[in-house]
Amino acid sequence: MKKHRKLYSLLIFLISLRLLSQVGINTVTPNPKAALHVMSKNNNTGILFPLLTTAQRDAIGAAATEDGLIIYNTDQKCYNYYNAGNTAWISLCGNGQKAAYTTDCNSVKVYGSYTQGTPLNNNNYVSVSVTVTIGGTYNILAKTPNGYYFEKSGVFPGAGTYVINLNGVGTPVTGPQTDTLSFSYEGITDTTCTSKTVNVLSSQVSYGINCSGSSVSGIYNSPVQLDYNTNTVSIPLSNVNTAGTVNITTSTNNGVSFTTTENITVANTSFTLHGVGIPAGAGTYSYSFTTNGANPQVCTFNVTFGTTVGTFANPANRCLEIFSAGKTTDGYYWVKDASSNPYKTYCDMSNGGWTLIKSLSERQILVVEQTQNESWATQAARNAVTTETGIFNEYAFSLPAAAVSNIGNSTSTSKEYRFSIKEKGQIGTTVSDIESSTVAPINDNWVKNNYLNAIVTDGNLATGNYTTYGNTTKGKIFGFDFGKPVTGVTLYKLNGVDFQLNIPGLYSQASFFTGIFGGNGYASNNTPANNLTYTYPGGQTYTFNKYYLNDLFGLYMNNESQLNHHIGTCSNSTDDYGGASFCNNGWANWRPHNLNLKSGNYEGRIIQYWIK
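Right under this line is the structure:
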């Protein structure tokens, strides 16, 4: 009977629960808004939820139907509930469970400028890429030993890749220096990402300079690289109000600049700029800079550069190369053949960098050698100077063919050549006497009135025979304009008048002839109307007939008469300034002009060949 009473009581209790939709434990008056109301019977008990490890919790496989499911995480020592919206278990401790994530050290970037004594602001931050596998709270810290750090805390809502900006906090204490960042995540130091740095500038320096007192030290030559320690410029300080760092880099000119990063105090009287770079050429170049700090000043100073190009130690391929490097003074320089063997020669810089390859006096041609068979490409060496103590002889000089080939083997599509005849020869016996007495072409009156420049587009006189017409020529004969202004088989002109016939013109042929190949009667008929008169600087006059304008800037006298006074004069004449229009063929019918007496002999004028 007792058993039936208990069963009856339980049935009534359950029916009441069903009717009321509320459950009370240790209370007969459950809260009407609570589905379950639990009271501690003696105020000394609680509710114990399922105790699960993180692994056990995750094994539940919670989904949307378990939204709000609660367990106690024994690993975290905290209650977790499942949030279906985030598809994640959320911790009820603090701000939530700690996130699981990794960072990419290579992605770390430092933003902003950092100066000693200047507090960090919103522009100072560090970005880092984070890959999250489990959402939750995070704390990332990047600290330095120099009074400032970067930090960010927050919540990752779920798995994914995020870029986090760590905010800068603090003020750099020391500068200039480079600080290394030390990263930690949730208080655990990262021992692998240790290469990221922050450059801290010094506090703003304040100083003044005396620009006009700048002093340049060292030797400056192209193309020699500057030495950081010896190629320097000293800049005087007029005052130092606030100690700090001078940080200056000048403008770049001629391939060179000057720079310094130097600490100064009130005790300093100057700072030093250091040269860097390889000078491109010779000349004087300006360099400007603006001082850093609280009181900027602009300063400009000049540096003069020489060049080693064209020296015995660094011979050039041709005088044009020396000219382009900045040496523009007429005189003796060193060129080379393809094997870099050095040869001294004369460079006509006033006319743009011509290289002298041959220089023969009238005596050398008419008396000593008596030959016309040498081309530019096959000429033999005459008194070639190959040592620094060697003496140059402009009355009998020629570079070897190998050097001529290298000089003329430029990459230009057009080649330039020059013939000239000078009157004033060198004097003396020592190297210094001879070289100082050499008259530059621009200062020789005969050269100004007797020369020919040729531009060739269909061959190279320096490397082979030339007998074609792809050239133009321009110059003077006895002061009268002479040349062929149009390329191809076209007429030469003298004094503005066309020849009446075409001549072979520019020639350089081994064992035959080199010069302007002409012939009697090509320029004009032999009539008085075709006479021209040239007046010498001394007042003497020479009249010739254009009919006899034959071979020029070279001789072909075996079978033909030649123009008098062009190269030498008639041997039966005592007149060095006038006389007949022509001299008969044959070496015996010629002599040098009575000019440039040397060792008892007159050398006469000097015929010179050049390449640019």
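Numbering (mature numbering (1 follows the signal peptide of the UniProt record, and there is no 0)), first residue to last: -21 to -1, 1 to 591. Glycine residues also receive a C-beta, built at the ideal position from the N, C-alpha and C atoms.
For residue i, does the count of other Cβ atoms within 10 angstroms reach 16, so buried, or fall short, so exposed?
i: S487; result: buried
i: D530; result: buried
i: P571; result: buried
i: G579; result: exposed
i: D316; result: buried
i: G64; result: exposed
i: N300; result: Per the sequence shown, the amino acid found at residue 300 is Glu instead of Asn. Per the 10 Å Cβ criterion, buried.
i: T140; result: exposed
i: A292; result: exposed
i: L(-8); result: The predicted position of L(-8) is uncertain, since its pLDDT is 48 and thus under 50; a value taken from the coordinates is nonetheless stated next. Exposed is the call here.
i: E582; result: buried
i: E402; result: buried
i: E45; result: exposed
i: N220; result: exposed
i: H34; result: One detail in the question is off: residue 34 reads as Ala in this sequence, not His. Exposed.
i: P321; result: buried
i: N575; result: buried
i: Q95; result: buried
i: G587; result: Reading off the sequence shown, one finds Gln at residue 587, where the question assumed Gly. Buried.
i: Q358; result: buried
i: S503; result: buried
Under the DSSP definition of a beta bridge, which residues are partnered with residue i?
i: P215; result: S249
i: S319; result: In the DSSP output, where bridge partners are listed per residue, S319 has none listed.
i: G256; result: V235
i: S163; result: L120, T168
i: I69; result: Y60
i: A79; result: I113
i: V282; result: Y264
i: L473; result: F461, V476
i: Q519; result: Q519 is not bridged to any residue.
i: Y581; result: L576
i: V195; result: V212
i: G223; result: I243
i: T324; result: Y312
i: N200; result: G285
i: T334; result: C326, I590
i: Q541; result: C562
For the alpha helix (DSSP H) that residue i lies in, which residues bound it at each end?
i: Q488; result: Note, Q488: premise wrong, no alpha helix (DSSP H); beta strand (DSSP E) at 484 to 488.
i: T33; result: 33 to 38
Run through DSSP, which three-state label would residue i get?
i: R397; result: strand
i: Y527; result: helix
i: R(-4); result: The predicted model places R(-4) with a pLDDT of 48, which falls under 50 and marks its position as unreliable; any figure quoted below should be read in that light. Helix, per DSSP.
i: T150; result: coil
i: L576; result: strand
i: V7; result: coil
i: C298; result: helix
i: N568; result: helix
i: E341; result: helix
i: T270; result: coil
i: T307; result: coil
i: V346; result: helix
i: T228; result: strand
i: T44; result: helix
i: H(-18); result: With a pLDDT of 49 at H(-18), under the threshold of 50, the predicted position of this residue should be treated as unreliable, though the coordinate-derived value follows. Helix, per DSSP.
i: L(-12); result: In this prediction, L(-12) scores a pLDDT of 48, lower than 50, which makes its location untrustworthy; the coordinate-derived value is nonetheless stated afterwards. Three-state result, L(-12): helix.
First and last residue of the beta strand (DSSP E) that includes residue i?
i: Y159; result: Note on residue identity: the sequence assigns Thr, not Tyr, to residue 159. Where T159 is concerned, the enclosing beta strand (DSSP E) stretches over 156 to 159.
i: Q587; result: 585 to 590
i: F291; result: First-last for F291: undefined, no H or E at that position.
i: residue 624; result: Nothing can be reported for residue 624, as the shown portion of the chain is limited to -21 through 591.
i: L15; result: 15 to 17
i: T176; result: 176 to 179
i: residue 594; result: Summary: the structure shown does not reach residue 594, with the chain confined to residues -21 through 591, and so no result is reported for it.
i: Y51; result: 49 to 52
i: G25; result: From DSSP, G25 is part of no beta strand (DSSP E); its letter is neither H nor E.
i: G494; result: 492 to 496
Is there a Cβ from chain E that is less than 7 Å from the Cβ of residue i?
i: S267; result: The question asks about chain E, but that chain is absent: this structure has only one protein chain.
Say yes only if the C-beta of residue i is nearer than 6 Å to one or more non-hydrogen atoms of the ligand MN, and no if none qualify.
i: V346; result: Looking for the ligand MN in the displayed structure turns up nothing, as the structure carries no ligands at all.
Could I get the ranges of all uninterrupted beta strand (DSSP E) runs contained in the segment 425 to 462, with 3 residues as the minimum, in chain order?
-> Within the segment 425 to 462, the complete beta strand (DSSP E) runs of at least 3 residues are 430 to 435, 450 to 456.
Considering only residues of the segment 84 to 143, which uninterrupted beta strand (DSSP E) runs meet the minimum length of 3 residues and lie entirely inside it, listed in chain order?
-> Correct list: 104 to 113, 115 to 122, 127 to 135.
Taking the runs of the alpha helix (DSSP H) that are 4 residues or longer, which of them lie wholly in the segment 363 to 426?
-> Taken in chain order, the unbroken stretches of alpha helix (DSSP H) that lie wholly in the segment 363 to 426 and span 4 residues or more are 380 to 387, 410 to 416.
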